[in-house]
Amino acid sequence: MSTVAELRQQLETLKKRNGDEIAQATKEVERLQKELEDIAAITEPIEKEINELQRQCMPGRRNRNDSKSSNSGASILSNVMLGLVDPNDGKCKKR
Numbered sequence: 001m002s003t004v005a006e007l008r009q010q011l012e013t014l015k016k017r018n019g020d021e022i023a024q025a026t027k028e029v030e031r032l033q034k035e036l037e038d039i040a041a042i043t044e045p046i047e048k049e050i051n052e053l054q055r056q057c058m059p060g061r062r063n064r065n066d067s068k069s070s071n072s073g074a075s076i077l078s079n080v081m082l083g084l085v086d087p088n089d090g091k092c093k094k095r
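Read in order, the letters of the sequence shown correspond to residues 1 to 95 in UniProt numbering.
This is the structure we're talking about:
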């Protein structure tokens, strides 16, 4: 059977190891957050350039951000197609 002193020593060892693991995980999260911010900073100008090029080269086509607002028509079409293939109404998206 362990003595109180041995148990306290084990507890202190576990606390130190846990603290080290938390510090390591925190550093990793900070590194990933920085990487994500860098990717977002690179992606935003590219998205703007793509939208501008689409506007110039394909005037009838909406830009990528507008497609999110026009999903209602696509949703209706997908529900109709799903109804033709699988008449189970439970799989259709409700609006």
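Positions of the beta carbon are idealized from the N, C-alpha and C atoms, including for glycine.
Residue interval of the alpha helix (DSSP H) (run including residue i)
i     : result
Pro59 : No alpha helix (DSSP H) holds Pro59; DSSP gives it neither H nor E.
Cα-Cα separation, residue i to residue j
i     : j     : result
Ala25 : Leu11 : 21 Å
Glu6  : Lys16 : 15 Å
Ile39 : Ile46 : 11 Å
Gln33 : Ile42 : 14 Å
Ile22 : Lys48 : 39 Å
Thr13 : Glu44 : 47 Å
Glu30 : Gln56 : 40 Å
Met58 : Leu36 : 31 Å
Gln9  : Ser2  : 11 Å
Cβ neighbours of residue i in the same chain (closer than 8 Å, five flanking residues each side left out)
i     : result
Val4  : none
Glu28 : none
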